[in-house]
Amino acid sequence: MSDRKILYLINPISGTSKKDGIKKLIERETAAQEIPFEIVATNAQGDYDFLKEKVAKEDFTDIVIIGGDGTVNQVTDAFREIDIRFGIIPVGSGNGLARSACIPMKPQQSLALVFAGTARHVDAFLINNQYSCMLSGIGFDAQVAHDFANASSRGLMMYTQQSLVNYFKAHPYQFEIILDNFSFFSDAFFISIANSNQFGNNFTIAPKAEINDGLLDIVVVQKMNKAKLPFAILKQVRGNNKLNQLVEDMTKKNVIYFQTDSLTVKNLKHAPLHIDGEPRDTADEFNIKVLKDCFRLIQP
Numbered sequence: 001m002s003d004r005k006i007l008y009l010i011n012p013i014s015g016t017s018k019k020d021g022i023k024k025l026i027e028r029e030t031a032a033q034e035i036p037f038e039i040v041a042t043n044a045q046g047d048y049d050f051l052k053e054k055v056a057k058e059d060f061t062d063i064v065i066i067g068g069d070g071t072v073n074q075v076t077d078a079f080r081e082i083d084i085r086f087g088i089i090p091v092g093s094g095n096g097l098a099r100s101a102c103i104p105m106k107p108q109q110s111l112a113l114v115f116a117g118t119a120r121h122v123d124a125f126l127i128n129n130q131y132s133c134m135l136s137g138i139g140f141d142a143q144v145a146h147d148f149a150n151a152s153s154r155g156l157m158m159y160t161q162q163s164l165v166n167y168f169k170a171h172p173y174q175f176e177i178i179l180d181n182f183s184f185f186s187d188a189f190f191i192s193i194a195n196s197n198q199f200g201n202n203f204t205i206a207p208k209a210e211i212n213d214g215l216l217d218i219v220v221v222q223k224m225n226k227a228k229l230p231f232a233i234l235k236q237v238r239g240n241n242k243l244n245q246l247v248e249d250m251t252k253k254n255v256i257y258f259q260t261d262s263l264t265v266k267n268l269k270h271a272p273l274h275i276d277g278e279p280r281d282t283a284d285e286f287n288i289k290v291l292k293d294c295f296r297l298i299q300p
């Protein structure tokens, strides 16, 4: 008898794929491994109090999330203080954390990894006590997330469409960024706070980010001629921007890129906010700090 017991949490509406086939795959392959398991639908509100007692009482060792970034955020947040392993079968629109952790995108391969992979610690972070485990942003990318959430369909094509629409409307916001021994003002199109290296869909906004290094990668895309904006972002995505020496480079760079374990962002013009791709209410000020070794994720 296996010493593992898996609770599969399936988001029935994430991404664009049908879930019936994945459910049958899980049932067949997990039974073949002779691992006890149960399949439960995710909760749209992210309220998993009803499952915590079940997980403890019935000795589950693993929670496997079948969903996208929003579901991963909710489930890892709900259970991160419990000694349990997390797995991901990525079926969302972006799958940022799964891609950063080199989890396969095909369900059969990611399920095989659940059985054979190694659970290693992953960092997360808090923004004003709101939990994020991947990448959050203030400004232009958050407005895209807000509009994408209200769109009639999901997927990369819709995300690209919303990005283009917002590009033509984009304007810089005013921020003050405060670190332990240094602060500066910036008019910026957006600020990304990254634990994993990408928005999803292999769009790597923070190429140097690692999910377990105890640091957040901060990307500040400053005010510039809008015609230069796509090229500046492309340079960042391709990893051509080195991590900055802030005092020397902040006035010279279109894109400022640095690492820290905490910072404060004063949001002087109330730029919108997203957390792990989900729109959230904005605030006058964001206090941000890393949560080192927050949970264990099954990885290659």
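Each residue of the sequence shown is one higher than the one before, starting from 1 at the first, in full-length UniProt numbering.
For glycine and all other residues, C-beta sits at the position ideal for the given N, C-alpha and C.
All values derive from a computational prediction rather than experimental measurement.
So, at 7 Å on beta carbons, what are the nonlocal neighbours of residue i in its own chain, with the 5 sequence-adjacent residues on each side left out?
i	result
residue 214	123, 261, 290, 292
residue 111	25, 26, 29, 89
residue 171	none
residue 41	10, 12
residue 4	35, 61, 62
residue 117	298, 299, 300
residue 180	none
Roughly how many angstroms lie between the CA atoms of residue i and residue j, to the nearest whole one?
i	j	result
residue 294	residue 75	13 Å
residue 236	residue 274	20 Å
residue 158	residue 54	At residue 158, the pLDDT of 47 sits below 50, so the modelled position is not reliable; the number obtained from the coordinates is stated separately. The straight-line gap from Cα to Cα measures roughly 38 Å.
residue 309	residue 193	The first residue shown for the chain is 1 and the last is 300, placing residue 309 beyond what the model contains.
residue 19	residue 82	27 Å
residue 135	residue 279	12 Å
residue 217	residue 51	33 Å
residue 297	residue 175	34 Å
residue 284	residue 267	5 Å
residue 8	residue 254	44 Å
residue 252	residue 109	45 Å
residue 87	residue 219	28 Å
residue 137	residue 191	6 Å
residue 300	residue 98	11 Å
residue 43	residue 224	42 Å
residue 71	residue 92	9 Å
residue 265	residue 61	38 Å
residue 79	residue 204	27 Å
residue 239	residue 49	41 Å
residue 2	residue 56	18 Å
residue 73	residue 272	19 Å
residue 125	residue 31	36 Å
Should residue i and residue j be called a contact, given that it needs their Cβ atoms to be closer than 9 Å?
i	j	result
residue 256	residue 222	yes
residue 96	residue 69	yes
residue 22	residue 66	yes
residue 6	residue 58	no
residue 187	residue 131	no
With distances taken Cα to Cα, identify the nearest neighbour of residue i among the options.
i	options	result
residue 184	195, 263, 234, 216	263
residue 277	78, 173, 268, 196	196
residue 11	49, 225, 64	64
residue 286	229, 139, 210, 239	139
residue 305	188, 233, 187	Only positions 1 to 300 of the chain appear in the structure, and residue 305 is not among them; the question remains open.
residue 119	79, 101, 288, 41	101
residue 229	80, 189, 4, 129	189
residue 259	210, 2, 48, 91	210
residue 173	141, 281, 117, 62	141
residue 198	281, 180, 94	94
residue 281	227, 31, 129	129
With a CB to CB cut of under 6 Å and the five nearest residues on each side skipped, what residues in its chain are close to residue i?
i	result
residue 33	115
residue 231	none
Can you round the beta-carbon distance between residue i and residue j to whole angstroms, since I take them to be within the 8 Å contact cut?
i	j	result
residue 121	residue 212	6 Å
residue 127	residue 288	5 Å
residue 113	residue 104	6 Å
Residue i: beta carbon under 8 Å from a heavy atom of the ligand SAM?
i	result
residue 134	Annotation note on the ligand SAM: not contained in the displayed structure, which lists no ligands.
Counting only beta-carbon atoms, is residue i nearer than 9 Å to chain D?
i	result
residue 48	The structure shown contains no chain D, having only a single protein chain.
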